[in-house]
Every structure is written in C-alpha cells, then in structure tokens.
C-alpha cells in the first residue's frame, strides 16, 4: 500500500505539473487573468485542507481518497470541454479542493501505515515522489503542448486519464490501516498537537516559500544569459540526484537520531547553499568551481521536508492525523503563493537576488525554530 501511495502521489503531481504548462496556452486571456485563475487552485486547496483533514479523522480515509481522485479526473476532463473563463475558474478552484483531498488522505494513510522506526524513510519516499512528479509533469505538459498543438483539449483528457488510472489503483490496492470507528472509542487518547507543531512552522513555511521562488529560476537563468553547457547540465543533474537520494537517506537517519535534529541540520545546509550559490553565480570563474561545496550542502537540504512530515506523523497520533496533515496542503499552498510573489520581484533584480532573498528568509526561521524547540 505504501508503494501505491508513492505511485498515486507521483501520478497526481505529474498531472498538476502538466496542467501548469497547459493552462497559459489553453486560455485566451491576458496574463494577469490567467495568473488569477491559476491562483484559485492553491487558495482553495489551502482553504479546504483543514475541513478535509477533520473529515479524514471521522470518515474512511480510503473512501475519501478515492472520492478526491475521481473529482480530479472529472474536473480535469471537464476543462477540456470549455474555454469560458468563468467555467474554467470554477473548475480550477474545485480542483484545489480535490487536490487537498488526495494529498491529505495520502499523508494520513502513510502515517497510519508506518511506525516511528520507519516513518522518516517513508516520508522521504513521499517527498521524492511529490517533487519528482511535479518535475516530470512540466516535461509531460511541454510534450502534450507539441503533440496536441491544434487541439489542447486532448491534452487535458490525456491528463484526466492519468488521474483515472491512479484512482482505479486506489480502489484496488488501498487498505485501511486504521479504522476510523476505532478512533471514537474512549480508550483512544486525543493528543494536543498545537504546541508541538508550532516550533517547526517557521522552517517549514520558509522551505515552501523558497520552493515557490525556485519556480522563477528558469526565467532568471534565461535573462542572465548563463549558458546551459555540458558542465552546467551535469552539475544540475547531480544536484537533482543528491536531493532525491538525500530525502530517503536523511528520512531514515531521522528514524534513528530524531526528527528535529536532522531538520535543523538540513536547514543550515540549505542556508549555506543559498548563500554560496548566490555569491558564486556571478563570479568570473562561475559556480561550477564550487561544486564540491554546493553538492553536500544541497544534499543536506533534502532532509528538511521528509523530517517535518515524519515529525507531524509522530506527534499527531491516529485520532488527529488527518487534521495535522492538513497543514501540509495549507503551508505548501501559502508558501508557494508567497514564494512566487517574492521570486517575481527578486528575479527583476537578477538571479542572484533570488538566492539571497531565500537565505534572508531561511536564517531567521532557523533561529525561531531552534529557540522554540529549546523552550518546548
């Protein structure tokens, strides 16, 4: 079942990454209108995540997940039948709700199916599937744009087929590690989780903001006239490989030595990467010269997301796991939105400003989280 959850998240994020590429070309509207329509998705995801998380604690996790996948399938296919801006806006906003349903239940089921001794490693796999799906989705979207250049409706229907396949897999392979009716028994202790989640919020929100800023990097690279030669491509490829490996490796290490220690270590690694890359990217010798420093720092940075997700799974307990994991969609949506805005302004100042802005956001968040953890 854990393997299915990885596949489901991977396929779902391929679909959403693809749609991100398709939307601006599919809609006949000014850029600011398209931007507003795109913003409806994370806004509705953030707004609906907490109610969905509470529902996951009171209703079948599996059934709710399947409902979310079927909603995604129907809504994506429906967009292919209309280019009316109002209709598309409503459909895209509803997609945000369905995305929250799929994401929250996926994390809740993964938390239910794992233990303290292996949850970090499992969350590393989840984070890898999540980000890898988005990355591949951008490429799939570009491919669909070329294949169905004359009729982009087909591209949305193909994407809906991907969602449908993931939903059918859910119906066949998902099980309920925790029966919701069991959580209502008097013997189940309801944990207070607010005070335990609060310390990790600063680093968590900073991480998602930086991720949102990274969406502006392709544009910033192009405007900076940085050549994508063989050495640069190898450097970026190694970065991606180390990040994928690190998500699983550090998740596993956190199972042994503790979540917050690895999270703080990873945050400092990311801070070092942002500062050094921002400084070296405009140097005459280029950032490639510093690869032996940048690679280990980025490797450490990969530990932040899986350790936070595992930490939330640890402290929430069975009875409130859905509500706690709703924070994933809320923080991710808010962080990406803020990051896109800040990244847009920073990109106008040059690619270096994106990395310095990220470091300026991350450093105080590390101090805040470290302070709150010591006071706990």
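Numbering (my numbering), first residue to last: 15 to 390.
Glycine is no exception: its CB is placed at the ideal position from the N, C-alpha and C atoms.
In this structure, the beta-carbon distance from residue 78 to residue 119 falls below 7 angstroms. Of the other Cβ atoms in all chains shown, 16 or more fall within 10 Å of the Cβ of residue 284; this residue is therefore buried.
317 is the residue among 317, 51, 149, 17 whose C-alpha sits nearest the C-alpha of residue 274.
With a cutoff of 7 angstroms on beta-carbon distance, residue 349 and residue 226 are scored as near each other. DSSP places residue 213 within a helical segment (H, G or I) once states are collapsed to three. For residue 327 against residue 138, the beta-carbon gap comes to about 12 angstroms, at or over 8 angstroms, which does not count as contact. Each of 40, 270, 70, 290 was checked against the Cα of residue 130, and the nearest Cα belongs to 270. Contact between residue 301 and residue 291 is confirmed by a C-beta separation of about 6 angstroms, below the 8 angstroms threshold. Excluding five sequence positions before and after residue 68, the CB atoms of its chain that fall closer than 7 angstroms to its own CB belong to 336, 337, given in chain order.
Boundaries for residue 297: no alpha helix (DSSP H) harbours it, and the DSSP string shows neither H nor E there.
Rounded to whole angstroms, the separation of the alpha carbons of residue 188 and residue 235 is 42 angstroms. Pairing residue 256 with residue 307 gives a Cβ-Cβ distance that is not under 7 angstroms. Rounded to the nearest whole angstrom, the C-alpha separation of residue 186 and residue 29 is 21 angstroms. DSSP places residue 38 within a helical segment (H, G or I) once states are collapsed to three. Straight across, the Cα-Cα distance linking residue 375 with residue 164 is about 43 angstroms.
With a 10 Å radius around the Cβ and a threshold of 16 neighbouring Cβ atoms, residue 44 comes out exposed.
Put simply, the backbone Cα of residue 141 is about 33 angstroms away from that of residue 297. Assigned with DSSP and collapsed to three states, residue 224 falls in helix.
For residue 384, the enclosing alpha helix (DSSP H) stretches over residues 365-389. Note that the C-beta distance between residue 366 and residue 322 is not below 7 angstroms.
The alpha-carbon separation between residue 116 and residue 82 amounts to approximately 5 angstroms. Judged by beta-carbon spacing, residue 324 lies within the 7 angstroms limit of residue 134, meaning their Cβ atoms are closer than that value.
Residues of the same chain with a CB within less than 7 angstroms of the CB of residue 357, apart from the 5 flanking positions on each side, are 226, 227, 229, 230, 368 in chain order. Under the three-state reduction of DSSP, residue 162 is assigned to coil, being neither helix nor strand. Nearest Cα to residue 354 within the set 222, 33, 178, 168: 222. Within the segment 274-343, the runs of alpha helix (DSSP H) at least 4 residues long that lie entirely inside it are, in chain order, 305-315, 318-330. Going by beta carbons, residue 102 and residue 93 fall inside the 7 angstroms limit. Its chain contains 367, 368, 371 as the residues whose beta carbon lies nearer than 6 angstroms to that of residue 360, once the 5 sequence neighbours on both sides are disregarded; these appear in chain order.
Within a 10 Å sphere around the beta-carbon of residue 161 sit fewer than 16 other beta-carbons, which makes this residue exposed.
Here residue 32 really is in contact with residue 154; their C-beta atoms are around 5 angstroms apart, less than 8 angstroms.
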